[in-house]
Structures are given as structure tokens and as C-alpha cells.
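Here is the structure we will look at, set down as C-alpha cells.
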Amino acid sequence: MRRGLLIAALGGALVVAGGLQTLAQDDTEREVERYRQMLKEDPWSNPGLLEVDRGEALWKAKRGPRSASLEACDLGKGPGKVEGAFAELPRYFPDADKVMDLEARLVWCMEKLQGSNRADIVKRPYSKANQAGSELEALATYVAHKSNGRKFAPRLDHPKEREALAVGEALFFRRQGPMDFACATCHGDIGKRIRLQGLPYLSKPAEAREVIGQWPAYRVSQGTVMTMQHRITDCFWQMRLPLIDYGSDVAVALTMYLVNQAKGGEVSAPQIKR
Amino acid sequence: MRIGAVVTAAGAAVALAAACLPASPARSQGPAAAVEAVIKGSWTKATPEWQARLAQDETQRLCSQYRNAPPNEVANAILARERAALQYPPDGKLMGDWKKGEKLAQSGYGLRFTDYPPRQENGGNCYACHQLDKKELSFGTLGPSLLAYGKARKHAEADVKAVYERIYNPQAAVPCANMPRFGTNGVLTIDQIKDLVAYVMSPDSPVNK
Chain A
96 MRRGLLIAAL GGALVVAGGL QTLAQDDTER EVERYRQMLK EDPWSNPGLL EVDRGEALWK
156 AKRGPRSASL EACDLGKGPG KVEGAFAELP RYFPDADKVM DLEARLVWCM EKLQGSNRAD
216 IVKRPYSKAN QAGSELEALA TYVAHKSNGR KFAPRLDHPK EREALAVGEA LFFRRQGPMD
276 FACATCHGDI GKRIRLQGLP YLSKPAEARE VIGQWPAYRV SQGTVMTMQH RITDCFWQMR
336 LPLIDYGSDV AVALTMYLVN QAKGGEVSAP QIKR
Chain B
5 MRIGAVVTAA GAAVALAAAC LPASPARSQG PAAAVEAVIK GSWTKATPEW QARLAQDETQ
65 RLCSQYRNAP PNEVANAILA RERAALQYPP DGKLMGDWKK GEKLAQSGYG LRFTDYPPRQ
125 ENGGNCYACH QLDKKELSFG TLGPSLLAYG KARKHAEADV KAVYERIYNP QAAVPCANMP
185 RFGTNGVLTI DQIKDLVAYV MSPDSPVNK
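Those sequence lines, one after another, are chains A and B.
For what it's worth, this note's numbering labels the leading residue of the first sequence as 96, then goes sequentially.
For what it's worth, this note's numbering labels the leading residue of the second sequence as 5, then goes sequentially.
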């Protein structure tokens, strides 16, 4: 009898606490969703588009020791072809004999076409809160935006593309570090959250299709764009792992896995994130 | 030496698998040697001490390989190894100060590369994944709710011990559990774990109010 009462009371407390907490979470989610809706109705009010414009200017500007623009950069669909390129990345590039994602490829083109020093290019790849995006962020946002409306169609023709996918998948489930975390620890189940932050279930294609095409994303809380490499770097930081190299093969392989999970999902970058 | 042996064994296993099986990368467990090579080339600026965090111990390796669903004999081997890694307070007291425990449950500080040199003690970050005190609305759901956990178990001694062990090393009870092995991996000290046990189990703790 008493135990029954206790359980009833406990249940009641749970319902109340659950209700309040859901309210707090819903408030933020609702506001972000309202913002997204506004942007759909008036796409030009997306602050991330400033980075798209800046990226386009950077793409076309003659820069670096060779005073060259990036317009001859081959993003996989031939030199200078930007439209739709992002939806097919990462992919194998014969000139580099490597699989590259957008960001690794941008570094490659800045190095090879403009003659810039790799160490200088990747010195400050990520902007801090309330700063303008870095050059790489602006360029990545511009190129990704040029695939908007297209569906992710990753290529697996080359053995190195298939290997990148297999490595990326293994990395997603690989547990390491003092916390024993894998990507799958937080992104391997439905409807989970850290504190109040919702977590996408990335090993499930339905959810991956929804979120992967939103990156690079404009983060309202930071007032700046964040690329996929930055997103992955931050996850590794939370996992208590060291700072990963910009354009590293680990990030490329993970991106390959995520894009394959998101196959058929639409690119809509830069999307708004909290 | 032991690492070398493991790497060689893994390499041999991959070579064998590659020789016997048609390529089906999406379904395989991933080419272990290729994964290790890619990792080695992706953190080139990290010090050896930091790079060591990327190396897996046997339990991490097995849980990764089986995606946290190890077959029975592997699960039993993990249980045995992790049980052997449990350490208890020298004075035998498993409960500390719930007020300190509350601070630890709220704090996610520690062990990130921006946390050096340390400015405060490591936290347990329990609220990232668990509900505890009903007044704290910002809690995660990766782990089960621990609301009134001690009260529901009448603060029993056996449960106090189980909670201590669960925080010190959850894999001593559940092989490949998602939760970090806070004690075994040196994230929290024995005294900090005692404070967290008190926060979860003590009748005075707000978790049980």
C-alpha cells in the first residue's frame, strides 16, 4: 500500500519535472524552428549568407604568392565548377591521390593554385564567437551553398572512397580516451540529449539526412558559421581527445561516413543552429 | 611490446580477412590497420602524452569491435577484467559529502585540451546524461533518470556499494556500458566518487527529497 503510494508520488513528480523541462527545451527549440521558418519565407535574412558572399569574393580574388584566384580549383566536377560539387564530396582526387572533403580540398587548392603555405592556411581555421568567419569558413560556406537543393550523392567508385567509408564507420564506433567515448556514445540512439541539447542519431539515415546538409551552419549563439570540420573538432574536444589537424584523414573519413548515412538528404547550407 | 603484439595480431587478422572475404566495407568491422594508420596521421601536433589517449585498451577495443554488444565469452572476459580493476576506499566508507557530490554532478570541467593547466578539480558531469535532483531541469537523457534513486532503494548498504562500483567502473557490472569508467580511468578520485555516492544515495541529498 505504502509502496504503491510512493510509486504514485514518484510518478507524479516525474510527470511534473518532465513537463517543466520539456517546456524549457521546447521554448528554445520552438524559437530556433520559428527562425528557420522565417528564413524559409525570407531566405535573404539568413546572416550566414554574409559568409557566402564573403566566400564568393575570396574565391574570385587573386591572392597568395602566385596572385591567383581559386576559380580554377577542381572540386571534383572539373576546374571552376562549383555548382553541385559539395553534394558529391568527399571524393577521390587523382591529382592528390587522396579522398578529400570540401575543407581538405580548399586547403589543397590554396596551396597548389595560390602557392600559399599550408601551415599559414590552417593556422586559424575556426573563428571565435562574434568574429567574422575565417577565410576557410567563408569559402566552405560559399561552396556548400552552391549545392543547395541538391541531394547528397556520395561516390564509391574508387577503392580509396570505399576505404574512407569503412574507416569512417569504424571511427564512428571507436571508443577511446579517458571517458571511453565514441561518436556513437552520443549519436547512436533516438531522441537523446546532453543536458537540454538534442542529439541527432547519426547512424540512422533518416536523422542523418535531416541534419548533415545543414552544415556549414550559422550558429545564433556564436554569431558565426561553423563548418563540419569544426563540428567534429569540437566533438573530439568533448571526448577529451587532442586537437585534431585541420583537413585530417580522420575528419574526412568521418565526413564520408556521415554523408553516406545522409545519402539522398538535401543540402541547405548554411542552416541556422542554436 | 604488448602494443606491438596486438597491432601485429590485428594486422594479421585484417590480412586474413582481406584474403578470404569479398570486399564489403559497409558491413565489415572496418579495416583495423587502416583505421590506426589514419589516426596516426591526423593528430600530428599532439604530444606523445596526448596521443596516448587515442590508443585503446583491450576493453575499448572489444567494445568498439562488437559495437557494445559483445558475445557472451567476450562479455565475461570484460567483466572479469573490469571487476579486477575496482578499488575501494581504504577506510571502507563508501559515502562522502553529498554537497560536494552535487557540485561534481554539475561540473563538466576537466581533461579537455582547454582545461590545462588545471584550474579546478575534474567534474563528474552527471547531469549531462542523468536526471537527479528534481529541481535541476537541465539534465540529459543518455543515461537513466536517477531521481530519488537512493530513496527508492531505502538507502540500502548493498545498493550504496553497487552505486560506488557503478561510478568507479560501470563495466564491472555491464560490459561495454556507455558510461565512463570514472575511477579506473582516473577521471575522478576515490574521495570524489564517495561524494557522488552520497549525492545519489544519502537520505539528506536533494536527489532523494
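No residue lacks a Cβ here, since even glycine has one placed at the ideal position from N, Cα and C.
Residues of the stretch 187 to 210 of chain B with Cβ closer than 8 Å to any Cβ of chain A, in chain order: Asn189, Gly190 and Val191
Where glycine 293 (chain A) falls: helix, strand or coil (DSSP): strand
Residue nearest to lysine 255 (chain A) in terms of C-alpha spacing, selected from A:Pro185, A:Arg219 and A:Gln226: A:Pro185
Within chain A, partners of asparagine 182 (chain B) - CB distance below 7 Å: Thr280
Under 7 Å (Cβ pairs) to chain B, residues found in the stretch 195 to 211 of chain A: none
Entirely enclosed alpha helix (DSSP H) segments - the stretch 80 to 114 of chain B, minimum 4 residues: 102 to 110
Chain-ordered neighbours of cysteine 67 (chain B) on chain A, where CB pairs are closer than 7 Å: Arg270
Valine 306 (chain A) at chain B interface by Cβ criterion, 7 Å: no
Under 7 Å between C-beta atoms of arginine 250 (chain A) and glycine 179 (chain A): no
Burial state of isoleucine 43 (chain B), where buried means 16 or more other Cβ atoms lie within 10 Å: buried
Proximity test, Cβ basis, 7 Å: valine 262 (chain A) and chain B: yes
Sequence-distant residues of its chain with Cβ nearer than 6 Å to isoleucine 197 (chain B) (five each side left out): Ile171, Tyr172 and Gly187
Closer than 9 Å at the beta carbon, the chain A residues around leucine 146 (chain B): Thr280, Cys281, Asp284, Lys287, Arg288, Ile289 and Leu294
CA-to-CA distance, leucine 208 (chain A) to serine 162 (chain A), given in whole angstroms: 9 Å
CB contact below 7 Å: aspartate 216 (chain A) versus chain B: Per the sequence shown, residue 216 (chain A) should be read as isoleucine rather than aspartate. Judged by the 7 Å Cβ criterion, isoleucine 216 (chain A) is not in contact with chain B.
Contact list for alanine 132 (chain B) against chain A, beta-carbon separation under 7 Å: Ile289 and Arg290
Any chain A beta carbon closer than 7 Å to glutamine 64 (chain B): yes
Buried/exposed call for tryptophan 139 (chain A), threshold 16 Cβ in 10 Å: exposed
Exposed unless 16 or more other CB atoms sit within 10 angstroms - verdict on arginine 270 (chain A): buried
Chain B contacts made by the stretch 338 to 357 of chain A, where a contact means CB separation under 9 Å: Leu338, Ile339, Asp340, Ser343, Asp344, Val345, Ala346, Val347, Ala348 and Asn355
Interface flag, leucine 184 (chain A) vs chain B, CB-CB below 7 Å: no
DSSP beta-bridge partners of threonine 370 (chain A): Outside the shown range of chain A, which is 96 to 369, sits residue 370 (chain A), and nothing can be said about it.
Cβ-Cβ distance between proline 295 (chain A) and glutamate 302 (chain A) below 7 Å: yes
Inter-residue Cα distance where the pair is methionine 205 (chain A) and aspartate 252 (chain A): 26 Å
Glycine 263 (chain A) beta carbon less than 7 Å from that of alanine 348 (chain A): yes
Meets three-Cβ-pair contact criterion under 8 Å: the stretch 82 to 99 of chain B and the stretch 175 to 182 of chain B: yes
Given 8 Å, three or more beta-carbon pairs between the stretch 209 to 224 of chain A and the stretch 312 to 324 of chain A: yes
Which listed residue (A:Glu361, A:His325 and A:Leu260) has its alpha carbon closest to that of glutamate 198 (chain A): A:His325
C-beta neighbour in chain A for serine 46 (chain B), strict 7 Å: yes
Range of the contiguous beta strand (DSSP E) that encloses arginine 186 (chain A): 186 to 188
Status (buried if at least 16 other CB within 10 Å, exposed otherwise) for glutamate 62 (chain B): exposed
Proximity test, Cβ basis, 7 Å: leucine 134 (chain A) and chain B: no
Sequence-distant residues of the same chain with beta carbon closer than 7 Å to serine 142 (chain B), five excluded per side: Tyr131
Spatial distance of tyrosine 341 (chain A) from asparagine 212 (chain B) (CA atoms): 47 Å
Chain-ordered residues of the stretch 242 to 256 of chain A with a beta carbon less than 7 Å from chain B: none
Where alanine 50 (chain B) meets chain A, residues with beta-carbon distance less than 8 Å: Pro337 and Leu338
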